[in-house]
Amino acid sequence: MDPDSGFLLVTRALDREEQAEYQLQVTLETQDGRVLWGPQLVLVHVKDENDQVPRFSQAIYRAHLSRDTRPGIPFLFLEASDWDEPGTANSDLRFHVLSQTPAQPSPDMFQLEPRLGALALSPK
């Protein structure tokens, strides 16, 4: 704490994933050390930065489909996690199909539910 301004200063960068909150006990003292007020609890919440890369739970997902696989019924669920603060935009994950190889018989053969990661054949 800066003795003249009373500002709390950090001595190193803070990372919410390492420590999300700090509790400080602060007193108000005269220059000769006489306590005028305190101790006072100060809670410091570390703001989350979008600094974590989302990770899939598997390196490769495999699915084996038969001819009678029904369109619109999920046959595979993708899972991913993010270490940013839960319930914030930084940890809000959405799934999207970027490409399909081969593109035949239809370039949009698959549909992927963005929030659940449910992969299904697209209805015709």
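First residue of the sequence shown? That's 1 in full-length UniProt numbering, and the numbers climb one at a time after it. Glycine included, every Cβ here is placed at the ideal spot set by N, Cα and C. Source: prediction; values computed, not measured.
Can you tell which of the options has the C-alpha that lies nearest to the C-alpha of residue i?
i, options, result
"residue 51", "9, 84 and 4", "84"
"residue 98", "90, 108, 104 and 91", "108"
"residue 1", "90, 124, 29 and 69", "29"
"residue 118", "22, 63, 87 and 3", "63"
"residue 77", "9, 58, 86 and 43", "58"
"residue 74", "25, 96 and 111", "111"
Answer with buried or exposed for residue i, where buried requires no fewer than 16 other C-beta atoms within 10 angstroms of its C-beta.
i, result
"residue 33", "exposed"
"residue 72", "exposed"
With a threshold of 6 angstroms on Cβ separation, who are the neighbours of residue i within its own chain once the five nearest residues in sequence on each side are excluded?
i, result
"residue 54", "80, 82 and 93"
"residue 27", "35, 38 and 39"
"residue 90", "48, 50 and 84"
"residue 42", "24 and 26"
Spell out the partners DSSP gives residue i in its beta bridges.
i, result
"residue 55", "81"
"residue 120", "111"
Here's a check: name, in chain order, each residue in its chain whose Cβ is nearer than 8 angstroms to the Cβ of residue i, leaving out the five neighbours to either side.
i, result
"residue 14", "46"
"residue 7", "1"
> Taking the runs of the beta strand (DSSP E) that are 3 residues or longer, which of them lie wholly in the UniProt domain "Cadherin" (1–56)?
Replying inline: Taking only runs of at least 3 residues, the beta strand (DSSP E) segments lying wholly in the UniProt domain "Cadherin" (1–56) are 21–29 and 35–45.
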